[in-house]
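These protein sequences, in sequence, are chains A and B.
One rule links them: number in my numbering = place in the first sequence (from 1) + 5.
One rule links them: number in my numbering = place in the second sequence (from 1) + 5.
Where is the CB? At the ideal position from N, CA and C, for every residue including glycine.
Number of protein chains: 2
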Amino acid sequence: MQIAIVLYDRFTALDAVGPYQVLSNVPGAEVVFAAERAGRVSDEERCLHLSAEAALADVPRPDIVVVPGGPGQHDQMDDGALHDWLRAADRGTAWTTSVCTGSLILGAAGLLTGRRATSHWLALGELGRHGAVPVAERVVFDGKYVTAAGVSSGIDMALTLAARIAGDETAQAIQLGIEYDPQPPYDAGSPDRAPAEIANAMRARSRFHAAGSA
Amino acid sequence: MQIAIVLYDRFTALDAVGPYQVLSNVPGAEVVFAAERAGRVSDEERCLHLSAEAALADVPRPDIVVVPGGPGQHDQMDDGALHDWLRAADRGTAWTTSVCTGSLILGAAGLLTGRRATSHWLALGELGRHGAVPVAERVVFDGKYVTAAGVSSGIDMALTLAARIAGDETAQAIQLGIEYDPQPPYDAGSPDRAPAEIANAMRARSRFHAAGSA
Chain A
6 MQIAIVLYDR FTALDAVGPY QVLSNVPGAE VVFAAERAGR VSDEERCLHL
56 SAEAALADVP RPDIVVVPGG PGQHDQMDDG ALHDWLRAAD RGTAWTTSVC
106 TGSLILGAAG LLTGRRATSH WLALGELGRH GAVPVAERVV FDGKYVTAAG
156 VSSGIDMALT LAARIAGDET AQAIQLGIEY DPQPPYDAGS PDRAPAEIAN
206 AMRARSRFHA AGSA
Chain B
6 MQIAIVLYDR FTALDAVGPY QVLSNVPGAE VVFAAERAGR VSDEERCLHL
56 SAEAALADVP RPDIVVVPGG PGQHDQMDDG ALHDWLRAAD RGTAWTTSVC
106 TGSLILGAAG LLTGRRATSH WLALGELGRH GAVPVAERVV FDGKYVTAAG
156 VSSGIDMALT LAARIAGDET AQAIQLGIEY DPQPPYDAGS PDRAPAEIAN
206 AMRARSRFHA AGSA
């Protein structure tokens, strides 16, 4: 079972590494980090550098695709090599997935048209402009298309997917292995429950704000 | 505020990247991934490769040290360059921290003697053999020494630390930014609440089992 995690300049590291840490533990999983060109790919802070061991062209038939989000998503919205690869790979995948604004890339490639999907809370409106039906849930399944909300939600998405692939016991063992018994210090991880002034300040600063999406 | 995240062969990726995603958003943070030698460092699966931009020797005075865990921890327990660096760096840090079995390395370097500390649930007993007072909590503060339980707990640790450094509002904004509103599919992330047969099977397979630590 080949799992291709797509990297591009200025991706968000946890979007990719959260699902990686879970899915790499599914029996039979072979994960490959792939980018348009193989080599070092820098995250949004240009501080963390992950190695893409393969070019997308070298991974034509993955069983699972994971597309992370991040500020660099903005530069991946035009038709081109990544979209071509996503559409071709999607014809053979068992699961096509995204985390955070990765769903905007899937949408721009035409893969979410008419499908229920989610994204980072600031990007949900924008997701609707790319043909998807935006849903404010943490993990959204629509057939084989699985989208997760912002950044850390990729862990929940991957555990849910691990259960679909390998069963409840395997997913529970993975969860216990990574000791995923979250105890956030605040109930501030959702715009509905975070202090309103903090959420509003983030909306005002958001690159999606001008589009009225959040 | 310089934050040194220590890498070594066969570290666990999420141990490093969870805290990174949080702490890199603290105002004034400058994160550097550092290893005994600069260059590419491979994770436990030898599938994910992160770039250590600096050698430890090039980062003599970090304000914060983060030591991840992972299967490779076992090879970092002897006195040597990493322990020397940890002891020297610790003399100047504001915070010395670890995730998962990273606390065993801090302990072996002599930095947790008599201190309350935690580790991956399978390694708590082993932690006691390195001079610490093991505590089965998710995040443990003892003065400037901050240790987190297994893998995913580094996110909770880093958010708690972000609040100490920069205040509640900043930490809440970071939590909302990474949409950390966890919804695990099972209540299986703790050995007390996971199915007993799953926890027992993991104990039996654990590399700490022979030492009777879990």
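Buried or exposed, going by whether 16 or more other CB atoms sit within 10 Å of the CB of residue i?
| i | result |
| --- | --- |
| Pro32(A) | exposed |
| Thr106(B) | buried |
| Ala93(B) | exposed |
| Pro196(A) | buried |
| Gly85(B) | exposed |
| Ala120(B) | It is Arg, not Ala, that sits at residue 120(B) in the sequence shown. With 16 or more other Cβ atoms within 10 Å, it is buried. |
| Gly182(B) | buried |
| His79(B) | exposed |
| Asp186(B) | buried |
Which whole-angstrom value describes the C-beta separation of residue i and residue j, a residue pair presumed to lie in contact below a C-beta threshold of 8 Å?
| i | j | result |
| --- | --- | --- |
| Ile203(A) | Gln177(B) | 6 Å |
| Val70(B) | Thr102(B) | 6 Å |
| Glu49(A) | Arg15(A) | 5 Å |
| Pro65(B) | Asp161(A) | About 40 Å separates the two Cβ atoms, so there is no contact after all. |
| Val151(B) | Trp100(B) | 6 Å |
| Glu184(B) | Ala154(A) | 5 Å |
For residue i, collect the residues of the same chain with a Cβ closer than 6 Å to its Cβ; drop the 5 residues on either side in sequence, then sort them by chain order.
| i | result |
| --- | --- |
| Gly172(A) | none |
| Met6(A) | Gly33, Ala34 and Asp68 |
| Pro24(A) | Val71, Gly159 and Ala163 |
| Ile8(B) | Leu28, Ala34, Val36 and Ile69 |
| Thr165(A) | Val144 |
| Gly77(B) | Tyr13, Asp14, Arg15 and Phe16 |
| Ala209(B) | none |
| Ala137(B) | Gly112, Leu117, Arg120 and Ala122 |
| Glu142(B) | Thr123 |
| Gln188(B) | none |
Which residues in the same chain have their Cβ closer than 7 Å to the Cβ of residue i, if we skip the five residues on either side of it in sequence?
| i | result |
| --- | --- |
| Pro42(A) | Before going on, a small fix: residue 42(A) reads as Arg here, not Pro. Cβ within range, chain order: Ala60. |
| Arg45(B) | His54 and Ser56 |
| Leu132(B) | Ser108, Leu109, Gly112, Ala122, Ser124 and Pro139 |
| Ile179(A) | Val27, Asn30, Leu164 and Ala167 |
| Ile170(A) | Val31 |
| Ala206(A) | none |
| Asp147(B) | Arg120, Arg121 and Ala122 |
| Asp83(A) | none |
Go through its chain and collect everything with a Cβ distance to residue i's Cβ below 8 Å, but skip five positions before and after it.
| i | result |
| --- | --- |
| Leu87(A) | Val11, Tyr13, Glu41, Leu61, Gln81, Ile110 and Ala114 |
| Asp63(B) | Ala39 and Ala43 |
| Val156(A) | Thr17, Leu19, Asp20, Gly23, Gly74, Val104, Cys105 and His125 |
| Glu58(A) | Val37, Phe38, Ala39 and Ala43 |
| Gly217(A) | Note that Gly217(A) scores a pLDDT of 44, beneath 50, so its modelled location is shaky; the value from the coordinates is reported in the next line. Cβ within range, chain order: Gly130. |
| Ala193(A) | Ala199, Pro200 and Ile203 |
| Lys149(A) | Thr98, Ala99, Trp100 and Thr101 |
| Ser47(A) | Asp14, Arg15, Leu53 and His54 |
| Leu116(A) | Leu91, Arg92, Asp95, Thr101 and Tyr150 |
| Arg51(A) | Arg15 |
Sort out for me which residues DSSP pairs residue i with in a bridge.
| i | result |
| --- | --- |
| Ile8(B) | Val36(B) and Ile69(B) |
| Ser47(A) | His54(A) |
| Arg121(A) | Val138(A) |
| Phe213(A) | BP columns for Phe213(A) are empty, so no partner. |
| Ala59(B) | Ala39(B) |
Compare the C-beta of residue i with all C-beta atoms of chain C and state if any pair is closer than 7 Å.
| i | result |
| --- | --- |
| Glu184(A) | Reference to chain C is not applicable here, since the protein chains of this structure are A and B. |
- [ ] Could you pull out every unbroken alpha helix (DSSP H) segment of at least 4 residues lying fully inside the region 61 to 85 of chain B, listed in chain order?
- [x] none
- [ ] List in chain order: all unbroken beta strand (DSSP E) runs of 3+ residues lying wholly within the region 129 to 205 of chain A.
- [x] 144 to 147 and 150 to 153
- [ ] Could you tell me which uninterrupted beta strand (DSSP E) segments, each at least 3 residues in length, are contained entirely in the region 84 to 116 of chain B, listed from first to last along the chain?
- [x] 100 to 104
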